[in-house]
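Undergrad: Got a structure here, written out as structure tokens. Questions coming.
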């Protein structure tokens with residue numbers, strides 16, 4: 001099967017500082033791929049390249065088998081690439097309902113969007129009229145996910161889903177991510193804390209200093225190597 | 001929604017996209033053009049003024065007048081171009097900054113002790129500084145301080 005998303009030997013930079021040195025990752029429909037690594041490894045930049053929001057120096061962004069390097073991120077979003085950035089990006093002083101209403105730009109009606117969001121995250125229905133900023137971090141992350149799902153994504157890009165959340169909440173969120181993937185959505189998850197995401201990932205890649213140092217199935221061997229890769233020594 | 005249908009639709013929609021976006025580098029070009037026009041226009045106007053004062057020949061003075069008017073026109077057009085495109089960039093930055101601040105505010109509410117009840121939701125804006133202070137006080141309690149003192153700090 002042709003991968004929905006593929007980064008092929010991508011190099012990217014911030015000004016003169018190159019942060020990605022030939023990264024290659026691919027995500028197929030229904031697959032959860034975890035991009036792991038310590039701070040500054042280039043995970044978020046890889047995600048931004050995949051969403052089209054960061055330019056590549058060389059290499060290719062292949063979507064659905066077609067070279068889309070340099071495509072406008074708005075077009076990619078319309079086609080079905082959905083990036084949920086680090087920090088959730090909900091509007092804290094708007095109610096949950098109004099946050100969902102913001103997604104009607106995708107062409108879906110308010111009722112459709114709320115139906116999808118409230119079915120997957122029933123707690124949001126209870127909090128519908130509450131300001132998003134007054135909810136817990138986990139609930140805000142659910143709202144961010146619900147907003148992402150409202151765009152009917154083909155590929156979901158998640159950046160640090162677990163950030164600032166209790167392990168129990170993270171576990172529940174990742175169960176939802178696995179459920180989303182089972183419905184045919186390709187999911188690329190960037191995580192600093194590997195334990196949570198490896199439980200649901202079909203494939204994992206560990207990045208260190210802008211390179212994919214190790215990739216494969218998230219088996220015990222990879223888990224054992226993770227700490228060594230994080231600390232910069234080879235096993 | 002089946003796997004194939006969404007994936008197929010994705011591929012089809014990608015096929016309809018035009019890439020790359022050639023307009024991506026244009027705003028910077030317009031800003032630069034605006035700056036050049038402003039500088040050239042101003043220089044032209046000053047030169048024309050000096051020329052017209054340096055002669056008593058009415059023909060040369062008329063030429064200088066035309067040149068000066070042309071310079072001022074170029075400067076005005078340049079300023080308009082510069083404002084139009086630099087303002088766009090600034091407003092984009094301002095919006096990004098606003099979203100970042102709002103996200104920060106949201107995180108502050110999500111902190112233990114910083115959350116507001118649904119009933120108090122309407123007063124989110126007014127409660128912001130107080131909620132932040134409460135959150136900060138609760139996060140860094142003085143272990144040596146008696147419990148009652150900590151409570152008093154929170155309530156103020």
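Residue numbers (UniProt numbering), protein chains in the order written: chain A, 1 to 235; chain B, 1 to 156.
The beta-carbon is built from N, C-alpha and C at its ideal position, and this holds for glycine as well.
Computed from a predicted structure; not experimentally measured.
1) Using the Cβ count rule (16 or more neighbours within 10 Å means buried), how would you classify residue 122/A?
2) Locate the alpha helix (DSSP H) running through residue 180/A, then write down its first and last residues.
3) Tell me the DSSP bridge mates of residue 12/A?
4) Using C-beta distances below 6 Å, list every residue in its chain close to residue 206/A, excluding the 5 sequence neighbours before and after it, in chain order.
5) Along the chain, which unbroken stretches of the alpha helix (DSSP H) at least 4 residues long are found entirely within the stretch 10 to 60 of chain B?
6) With the cut-off set at 8 Å, would you say residue 24/A and residue 3/A are in Cβ contact?
7) Count the other CB atoms within 10 Å of the CB of residue 162/A; is the residue buried (16 or more) or exposed (fewer)?
8) For the stretch 56 to 101 of chain A, list the alpha helix (DSSP H) runs that are entirely contained and at least 4 residues long, ordered along the chain.
9) Distance cutoff 8 Å, beta carbons only. Does residue 217/A sit that close to anything in chain B?
10) Can you find a CB in chain B that lies within less than 8 Å of the CB of residue 31/A?
11) Looking at the secondary structure, which residues open and close the beta strand (DSSP E) in which residue 191/A lies?
12) Under a three-way DSSP split, which group does residue 28/A fall into?
13) Let me see if you follow: with CB-CB separation under 8 Å, is residue 106/B close to chain A or not?
14) Ignore the nearest five residues each way along the sequence and tell me which others in residue 149/A's own chain have a CB closer than 6 Å to its CB.
15) Compute the distance between the beta-carbons of residue 52/A and residue 20/A, then report whether it is under 8 Å.
16) Is it the case that the Cβ atoms of residue 154/A and residue 199/A are separated by a distance below 8 Å?
17) On a Cα-Cα basis, can you pick out the residue from 22/A, 140/A and 194/A that is closest to residue 87/A?
18) From this set, 95/B, 86/B and 106/B, which residue's C-alpha is nearest residue 94/A's C-alpha?
TA: Let me lay it out:
1) Exposed, because fewer than 16 other Cβ atoms sit within 10 Å of the Cβ of residue 122/A.
2) 167 to 182
3) According to DSSP, residue 12/A bridges with 20/A.
4) 36, 37, 213, 214 and 229
5) 26 to 53
6) Result no, Cβ atoms of residue 24/A and residue 3/A do not sit closer than 8 Å.
7) buried
8) 73 to 79 and 96 to 101
9) no
10) no
11) 186 to 191
12) coil
13) yes
14) 116
15) no
16) No, they are not a contact pair.
17) 140/A
18) 106/B
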